[in-house]
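> Dropping a structure here in C-alpha cells format, bear with me for questions.
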Amino acid sequence: MENSDCLAIKKGDQVYITYGHHDNLTLLIEYGFIIENNIYNKFSFDLELLKQLIQTDKHTEDFIWTCCIQKNLLLDLSCDKSQGPSWCLLKFLDLISCFNKTSKNNRPSKKTKISINDSDFYEINNFNEIKKLFLKLLEFVACDLDESLQKLEQLIAEMKNGYHYKMCKSLILDYKAIIEFNESLANDKERWAMIF
Numbered sequence: 005m006e007n008s009d010c011l012a013i014k015k016g017d018q019v020y021i022t023y024g025h026h027d028n029l030t031l032l033i034e035y036g037f038i039i040e041n042n043i044y045n046k047f048s049f050d051l052e053l054l055k056q057l058i059q060t061d062k063h064t065e066d067f068i069w070t071c072c073i074q075k076n077l078l079l080d081l082s083c084d085k086s087q088g089p090s091w092c093l094l095k096f097l098d099l100i101s102c103f104n105k106t107s108k109n110n111r112p113s114k115k116t117k118i119s120i121n122d123s124d125f126y127e128i129n130n131f132n133e134i135k136k137l138f139l140k141l142l143e144f145v146a147c148d149l150d151e152s153l154q155k156l157e158q159l160i161a162e163m164k165n166g167y168h169y170k171m172c173k174s175l176i177l178d179y180k181a182i183i184e185f186n187e188s189l190a191n192d193k194e195r196w197a198m199i200f
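Next comes the structure, spelled out in C-alpha cells:
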C-alpha cells in the first residue's frame, strides 16, 4: 500500500512541524524548549492551592469537588495574558464563594442546591466575592514565584549558564507577567466587569 498524499521533499529542503497549541510548561516538559511570547501560554492553578480558598467543612468541600468534576470545571483552572481568568476558574471561585459565606452550619443554601442542578449553574453571580478570591489566589502565586526566582538566583554561577536554568527562569518570568496582568485586570473595575 502506497501513500500518494505525501509531499515531495528534496534533500536539503527545510521541513516544518507544529507541536500544537501548548503553553510553555507543556513545551518545556514534553519537548525541552519554550517559545518567547507564546500566545498559548497560561498559568494553571494547582488544586492544592485552590483548596486553600475553600473555607468550609469536609462534607461541603467534597460536595464542591463533586460538582466541579460533574460540570467539568477542573479542565481549565487557569488565567492568561490575553483574556484573564478562564470561565472554569471564575465558575469555580463563584461556586466556593457560595459556600464560604453560608450559614453557621456551612450547609449549601436551597438556592445553591437548585442552581447546581439546573441551567442556572452556568451563570456567574458573586462578582465581588470572585474578585476577592481571585486576588487572594494571585497573591499566593506571586509569592511562590518570587520565592522560586530567589532560589534560582542562589544557584552557583556554572548552573546559571546552563540551558535549563535559562528556561526555568524564563518560564517563571512569563508566569509573573501573567499574574501581574491578571492582578491589574481584577483591580480595574471596567475591565473586570467586561469579563462577565
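With the working numbering applied, the sequence shown corresponds to residues 5 to 200, in that order. Note that beta-carbon positions come from the ideal geometry of N, C-alpha and C, so glycine has one too. Every value quoted in this text rests on a predicted model; they were computed, and no experiment measured them.
1. Is the beta carbon of isoleucine 183 closer than 8 Å to that of aspartate 84?
2. If you run the structure through DSSP and keep just helix, strand and coil, what is aspartate 84?
3. Within 10 Å of its beta-carbon, does lysine 135 have 16 or more other beta-carbons around it, so buried, or fewer, so exposed?
4. If you count every other CB in all the chains shown that lies within 10 Å of the CB of threonine 22, and 16 or more means buried, which is it?
5. According to the Cβ coordinates, are phenylalanine 131 and phenylalanine 200 closer than 8 Å?
6. In whole angstroms, what is the alpha-carbon distance linking lysine 155 and cysteine 172?
7. Starting from lysine 155 and walking both ways along the beta strand (DSSP E), at which residues does that stretch end?
8. What separation, rounded to the nearest whole angstrom, lies between the Cα atoms of tryptophan 91 and aspartate 148?
9. Kindly indicate which three-state DSSP category lysine 62 falls into: helix, strand or coil?
10. Roughly how many angstroms lie between the CA atoms of leucine 189 and tyrosine 20, to the nearest whole one?
11. For cysteine 72, which residues from the same chain have a beta carbon less than 8 Å from its beta carbon, with the 5 sequence-adjacent residues on both sides left out?
12. Check each candidate in Asp61, Asn42, His63 and Leu177 and name the one with the smallest Cα separation from serine 86.
13. Between which two residues does the alpha helix (DSSP H) harbouring lysine 180 extend?
14. Is the beta carbon of leucine 137 closer than 8 Å to that of serine 174?
15. Which residues in the same chain have their Cβ closer than 7 Å to the Cβ of alanine 12, if we skip the five residues on either side of it in sequence?
16. Which of the three DSSP states, helix, strand or coil, is assigned to phenylalanine 200?
With the given structure in hand:
1. Their beta carbons are not under 8 Å apart, which means aspartate 84 does not touch isoleucine 183 by this criterion.
2. In this structure, DSSP gives aspartate 84 an extended state, which the three-state scheme calls strand.
3. By the 10 Å Cβ count, lysine 135 comes out buried.
4. With fewer than 16 other Cβ atoms within 10 Å, it is exposed.
5. Yes. Within cutoff.
6. Straight-line Cα distance between these residues: approximately 11 Å.
7. Counting along the chain, lysine 155 falls outside any beta strand (DSSP E), though it belongs to the alpha helix (DSSP H) covering 131 to 157.
8. When rounded, the distance between both Cα atoms is 24 Å.
9. Note: lysine 62 maps to helix in three-state DSSP.
10. Separation of leucine 189 and tyrosine 20 (C-alpha to C-alpha, rounded to the nearest whole angstrom) is 37 Å.
11. Only residues of its own chain outside the window of five on either side were considered, and among them Leu78, Phe96 and Leu99 have a CB closer than 8 Å to the CB of cysteine 72, listed in chain order.
12. The closest CA to that of serine 86, considering only Asp61, Asn42, His63 and Leu177, is found on Asn42.
13. Start and end: 167 to 191.
14. No, Cβ-Cβ distance for serine 174 and leucine 137 is not below 8 Å.
15. Closer than 7 Å at the Cβ level, and outside the excluded window around alanine 12, lies no residue.
16. Coil.
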